[in-house]
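Just so we're aligned: 389 in this note's numbering is position 367 of the sequence shown, and the numbers increase by one with no gaps anywhere.
Backbone N, C-alpha and C fix where the C-beta goes; we use that ideal spot for every residue, glycine too.
What follows is a short report on a single structure.
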Amino acid sequence: MSSQQKTLKAIDYTRGSLRIINQLLLPFETVYESVNNVQDGFDVIRTMKVRGAPAIAIVAALALCVELNAKHTAASFKSAEAVAQFIHQSLAHLRESRPTAVNLFEAAGRLDALVAKASSAPGANADSVANAYLHEAEAMLARDVWDNKQIGSFGADYIIKSRKSSSGEKLRVLTHCNTGSLATAGHGTALGIVRDLFSKGVLDRCFCTETRPYNQGGRLTAYELVFEGIPGTLVTDSMVSALLAQKDIAAIVVGADRVTANGDTANKIGTYQLAIAAKYHGVPFIVAAPSTSIDLNLKSGAEIPIEQRPGIEVVQIRGQVVEDEGNLKEHDGEEVTTTTVHIAAKGIDVWNPSFDVTPAELISAIATEKGMIVKGENQKEFDVKTFLSQ
């Protein structure tokens, strides 16, 4: 396959300007929305117009870039301390947008420390502190894409070697939620592995789960697969065990919102049950995560805070209004009408955790930009800290 295959650009940034694809409107409309300040950044993350752990961190950092650049250009800051205080307060606010994805907290902590150092340096002024933040936050975009390409390469090679297949055999994989260009600065984590398998010519098909209740698989991953011409098939979440039993799946690849020191992994709700099914059917279960998604401060998944989302996300669903199967109106230039409908009994209580935690025992390997993390012989957990320190 050509290395020039088209890919989505979900985050469009130049200094002073940030636009993101409003993912709530996908797959029916591709609309870029401007993010002009910190509060805009908070809102697009909180409402899930932007989602995916790497993308959340990058959009938060760049939203602050836009407002910081505007204020600095207008000479609003009179001292290095004033800039540092503004950045510190803004990062504290952005941290509150989504509590589970560790990338946001890692980025905010690192940027806070950088600004503190810059503001205390001899001769520091408003210009030097603002530029220190801008350069580091802007570098996150390119760094994330490079990390994702490394993850994709390591993960694809691991699957190919694990399969020990005959020459020319093509592989089928399953993924959950959305971990592609829409969830990152580009290329993707778990979907980056799929993309690498495709580019190597060894992918037969990528199955993706619908991923209820927000349908990130049906809306977003399916959209990316179709957009990039990667063979894909959508299944409901409840079909996975039957799929593994009947379709000879080579591996399940998923992303991660937080990985703890022992390898326990918080990811989109439904990931845990996929890992259980994979274990029973002997299918490798691979987590794809940049090192920024790893939280060595937590010993196990029991310590991960799990975000509870509004119940309305379960009992209501948004979709395209169609007249019949022959008039879907999904082509450029045609009017697209969407609506929200209620799909459950009025008055029913709802439990809606956004994530679950997959125990390390059920995970075969963790693909990072530094390589594959695997367990020691007869070990049920990973030694993530030792791997990252090498």
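Taking a 10 Å sphere around the C-beta of G38, we find fewer than 16 other C-beta atoms and assign the residue as exposed. Looking from the CA of Y245, the closest CA among L204, A114, S56 and N147 belongs to L204. Judged by beta-carbon spacing, T197 lies beyond the 7 Å limit of V248, meaning their Cβ atoms are not closer than that value.
In the DSSP annotation of this structure, the continuous segment of the beta strand (DSSP E) that includes N289 starts and ends at T287 to K290. Per DSSP, the continuous alpha helix (DSSP H) segment holding R217 begins and ends at A212 to S221. A178 and Q401 have their C-alpha atoms spaced approximately 24 Å apart. Taking the CA atoms as reference points, K368 sits about 22 Å from T360. Cα atoms of Y302 and C228: separation of roughly 21 Å, rounded to the nearest angstrom. Contact between the region 302-321 and the region 115-133 is established, with three or more Cβ pairs separated by less than 8 Å. Taking 7 Å as the cut-off, the beta carbon of P49 is found closer than this to the beta carbon of R241.
For V372, there is no enclosing alpha helix (DSSP H), as DSSP gives it neither H nor E. Short of 6 Å from the beta carbon of G202, and not among the five residues preceding or following it, lie these beta carbons of its own chain, in chain order: G210, L213 and E246.
With a threshold of 16 other beta carbon atoms within 10 Å, N319 falls short and is exposed. The beta carbons of V216 and K192 sit about 13 Å from each other, so the pair does not count as a contact at 8 Å. Excluding its 5 nearest sequence neighbours in each direction, A278 has C-beta neighbours in its own chain below 6 Å: T287, N289, V309, A311 and S315, listed in chain order.
By the CB criterion at 7 Å, V57 and L40 fall inside the cutoff. Residue pairing by DSSP places T380 opposite T287 in a beta bridge. Beyond the five residues adjoining it in sequence on each side, I80 comes within less than 7 Å, by CB distance, of I33, M162, L163, D166 and A207 in the same chain, given in chain order.
DSSP lists T361 as the beta-bridge partner residues of G341.
Taken in chain order, the whole alpha helix (DSSP H) runs of length 4 or more contained in the region 33-101 are 60-68 and 75-95.
Cα atoms of V337 and Q268: separation of roughly 31 Å, rounded to the nearest angstrom.
L225 sits in a strand when the DSSP states are folded into three classes. Sequence-distant Cβ neighbours of R68 in its own chain, meaning closer than 8 Å and more than five residues away, are S119 and R120.
Between the alpha carbons of Q238 and I370 lies a gap of roughly 24 Å.
Spanning the alpha carbons of K392 and K321 requires a straight line of approximately 21 Å.
Two segments are said to touch when three or more pairs of C-beta atoms, one from each, lie closer than 8 Å; by this definition the region 90-107 touches the region 148-160.
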